[in-house]
Amino acid sequence: MGAAAAVAVMRRKERDLREDFFTAGAIQPMNARSPSDLGVDENMTWKRMCRRSVIREASPGLFYWDEDVWQALRSMRLRMALMMAGTIILVGVMIAYGSMQLK
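Sequential numbering from 245 applies to the sequence shown in this note's numbering.
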């Protein structure tokens, strides 16, 4: 349960950060803003989004939210979650089948 809660908190912080950029209109390079203009701290969420190129630096100290990259990241996360769920189901089916063969 702890991991699921941590993921939920992380996702919430990312959505809040996205909302800060949208509220400020910083969603294109020409509308880039500084973190202080956005009212955000350069915390772990900020750094994670920068590493994934969702937050981009248009010019020194001015940043914008790249919505296309954000949507691609969300799609990749969904695919990974579905692959993990599928793998867990497949392993479960294999274990169930194997235990039936032993009887």
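Just so it is clear, CB atoms sit at the ideal spot from N, CA and C, and this is done for glycine as well. Bear in mind the structure is a predicted one, so any value in this text is a computation, not a measurement.
Check                                                                                                                                                   : Outcome
So Asp264 and Val284 are supposed to be a Cβ contact under 8 Å. How far apart are they, rounded?                                                        : 5 Å
Tell me, to the nearest whole angstrom, how far the beta carbon of Leu306 is from that of Ser278; I am working on the premise that it is less than 8 Å. : 6 Å
Could you tell me which residues DSSP puts in a beta bridge with Ile299?                                                                                : Trp309
Check whether the Cβ atoms of Ser297 and Val313 sit closer than 9 Å, and answer yes or no.                                                              : yes
Below 8 Å on the Cβ atoms is my guess for Thr289 versus Leu326; work out the distance and round it to an integer in Å.                                  : That pair is no contact at about 24 Å.
Tell me the rounded alpha-carbon separation between Glu301 and Lys291.                                                                                  : 12 Å
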